[in-house]
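Residues 1 to 557, numbered by the numbering used here, are exactly what the sequence shown covers, in order. The C-beta atom is built at its ideal place from N, Cα and C for all residues, glycine as well. What follows is a short report on a single structure.
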Amino acid sequence: MKLTGSQTLARLLKAHGVEYVAGIPGYGSWTLVDALQSAHEIPFIQVMQEQSSVHMADGYYRACGRPMAALLPTATGVSKALGGLACAYAEGSAMLVISGGQLSHLPGTDTTQDLRGAGAAHPPRTLKARLVTETAADLPTLLRAAFSTMVSPGPGPVSIEIPVAVQAQSVEFVAASVRAASARFNTPAQQIAQAAEWLLKAVRPVIVAGSGVMMGDACNELLAVAERFCMPVLTRANGKGAIAEDHPLAGGCVGRSGSPCANRLLAEADLILLLGSELADFESRGLVIRIDGDLARSSRVGQVELGIEADTRSALAALVASVSAPQHRALALQRAAYLKHMTELRADWEARLDNERADESSPFIVQRPLAELRAVLERDAIVVVGTGSVGDAMVQMFPVFFPRTHLSSTGFGAQGWAVPAAIGAKLAMPARQVVCVVGDGDFLQSMQEMAVCVMHCIPVLFMVFNNSGYSSLRDARAPHAGRYTGSEFNLPDGKPYSPEFAEVARSFGLESWRVEHPYQLSPALHKALNSKGPALVEVMISRESRGALDAFSDDVP
């Protein structure tokens, strides 16, 4: 069967399991979009800004573990999306980025929207690989390479450029040319045995789990290791959900916005089992065992005594198998007092949070509406969290119970990420509740994507915390200069400025509510969650509210 290069691409994307392509058509990509639509191969999701297509694919992958594709119009679209690609690369999020290209005889001649005259290399830490198609016959091989690369250990974005001439070429399409990529490799038995020996001898061991555990579908194995070795599980912000946060061995999140309980356990640990994560921002007195699919990918790890480059899932399963039943029983007795200590620390922290969750102030402190949101959501709901003080509070006090249900951009700190990422998460998991929890400053950078929800009937709930500014920047700036320039939204007379986001959402076609008092919270959230389409709840927050509550305790030994 003869197909054009564009039609071949559409068939190959479908064969590789791609369910959606998001983007904006443009010069060099018209036939690609037409091939997706005319054959009804894959739905095309039109976004309002190029970078949003990348953030959307990022949220999609994090929610379900399957790659989505983003289509960008030649160089201008790719250049606008670089921040989104850097975010996805930092978080280990796989996606295929497709761009059209100039006519084959024109590249590098500074024609419209061609940047190759200035150099074709992509910026570092944005893509795992950049592929360029020379002929339509190369597409099956290149797509196999792209999907194999993007989902291999240390997943990330891969781009493929398809010049206009290649899109128009006629080629024989053979369905058998598609085969699934494999991302597994052998587990080093000697290093696993060494790790098990150290874990058995440790007095106060902890596990620190990051996004790599979820990206590697290793959460069941993580729990099995924790239970087998009788040790607490701490998570980084991007690892929230790797263990249910009401599990007896869950010690909370570590980091600047982590809990005092988790940070103290980390400071006291004599051995840290670091899984798919980084640890550079901590002073550790204990030995560090690091298991990761790509040890060289991150430089923000600090000193590691034992590095194991392996598939996380297989490595953890091997650790579980290395402990006998008598050894497990002995560990349970030896570490009973240690685990009781963890339980007491966690109880003290929860008591502190209960006071914040019950606060009746108006405007609100951040913790109160978040507690109300948790109370009305289903247990497996997905929350997509923006950066800043709201994100800090979510990390610290908003419990989640399943993998891939707390999505954030903490590794890169991308403003404007949460709104399109939430749309991607809903596309990936349509049966789940999906809530985008975001501050007003973050929301202003991508709120135009609400239009995508309306045009494509995607029922996401946007919960916007409005304090008329970038509160996290405000808190960081004040100690240095005593002023808030550039971090508050003010009128010339100094009064706070803010759009009425509920009204803005209505103009986009969403149902919306503005909440100023505690008694309004629960009814508004219930109505929004029961809406048949996208909805927005605007919550008025005090400028004095803080996201993270003294995460680093002064009495940590």
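Output the distance between the C-alpha atoms of residue i and residue j, rounded to the nearest integer angstrom.
i, j, result
"E41", "C87", "29 Å"
"S563", "R357", "Given a span of 1 to 557 for the chain in the structure shown, any question on residue 563 remains unanswerable."
"E538", "L407", "20 Å"
"I24", "I98", "11 Å"
"G411", "R236", "10 Å"
"L370", "H526", "14 Å"
"R116", "D292", "In this prediction, R116 has a pLDDT of 48, which is less than 50 and means its spatial position is unreliable; what the coordinates show is noted afterwards. If you take the alpha carbons of R116 and D292, they lie about 35 Å apart."
"Y20", "S324", "47 Å"
"L13", "Q396", "39 Å"
"F443", "H328", "49 Å"
"P248", "K340", "10 Å"
"T405", "V171", "43 Å"
"S6", "P73", "14 Å"
"L32", "R11", "11 Å"
"G17", "V151", "13 Å"
"A70", "F462", "23 Å"
"E500", "Q46", "26 Å"
"L36", "A81", "22 Å"
Going by the beta-carbon positions, is the gap between residue i and residue j smaller than 9 Å?
i, j, result
"I382", "A63", "yes"
"G84", "S53", "yes"
"F402", "R374", "no"
"V437", "V460", "no"
"I207", "P232", "yes"
"S512", "L529", "no"
"N220", "S277", "no"
"G286", "R204", "yes"
"C457", "L331", "no"
"V254", "L223", "no"
"L271", "A218", "no"
"P153", "E309", "yes"
"G424", "G59", "yes"
"G413", "Q445", "no"
"L9", "L143", "yes"
"L295", "G307", "yes"
"C420", "V452", "In the sequence on display, residue 420 carries Pro and not Cys. Cβ atoms of P420 and V452: closer than 9 Å."
"V166", "T133", "yes"
"A422", "V384", "yes"
What are the start and end residues of the beta strand (DSSP E) that includes residue i?
i, result
"A224", "No beta strand (DSSP E) contains A224, which is instead part of the alpha helix (DSSP H) from 219 to 229."
"E511", "511 to 515"
"Q46", "44 to 46"
"S211", "Looking at the DSSP string, S211 is not in any beta strand (DSSP E); the run it does join, the alpha helix (DSSP H), is 211 to 215."
"G391", "Unbroken run through G391 is the alpha helix (DSSP H), 389 to 397; no beta strand (DSSP E)."
"V434", "434 to 439"
"G252", "250 to 253"
Using 10 angstroms around the beta-carbon of residue i, count the other beta-carbons present and answer buried if the total reaches 16, otherwise exposed.
i, result
"L333", "exposed"
"M1", "exposed"
"I243", "buried"
"T141", "exposed"
"P124", "exposed"
"M455", "exposed"
"A336", "exposed"
"Y519", "exposed"
"D348", "exposed"
"K128", "buried"
"T135", "exposed"
"A259", "The sequence shown places Ser at residue 259, not Ala. Under this definition S259 is a buried residue."
"D246", "exposed"
"Q51", "buried"
"S257", "buried"
Where do the N-terminal and C-terminal ends of the alpha helix (DSSP H) with residue i fall, by residue?
i, result
"R374", "367 to 376"
"C64", "50 to 64"
"T141", "139 to 151"
"F501", "501 to 508"
"C457", "Element bounds for C457: n/a, residue is neither H nor E."
"E268", "260 to 268"
Starting from the Cα of residue i, find the closest Cα among the options and give me that residue.
i, options, result
"V288", "S361, W349, Q194, L377", "Q194"
"I541", "V151, V515, A336, S211", "V515"
"M429", "E50, A15, M68", "M68"
"E577", "H517, E197, L131", "Absent from the structure is residue 577, since the part of the chain shown begins at 1 and ends at 557."
"V225", "A321, V203, G286, S170", "A321"
"S389", "V400, L377, V376, I365", "I365"
"P163", "S446, S259, G156, S29", "S29"
"L266", "L295, Y338, G307, A196", "Y338"
"T4", "R130, Q169, E161", "Q169"
"L521", "G439, R543, P363", "P363"
"L200", "T8, M447, L319", "L319"
"G251", "V213, A209, R228", "A209"
"A94", "P43, F44, S148", "S148"
For the ligand MN, any of its heavy atoms closer than 8 Å to the Cβ of residue i?
i, result
"V539", "Annotation note on the ligand MN: not contained in the displayed structure, which lists no ligands."
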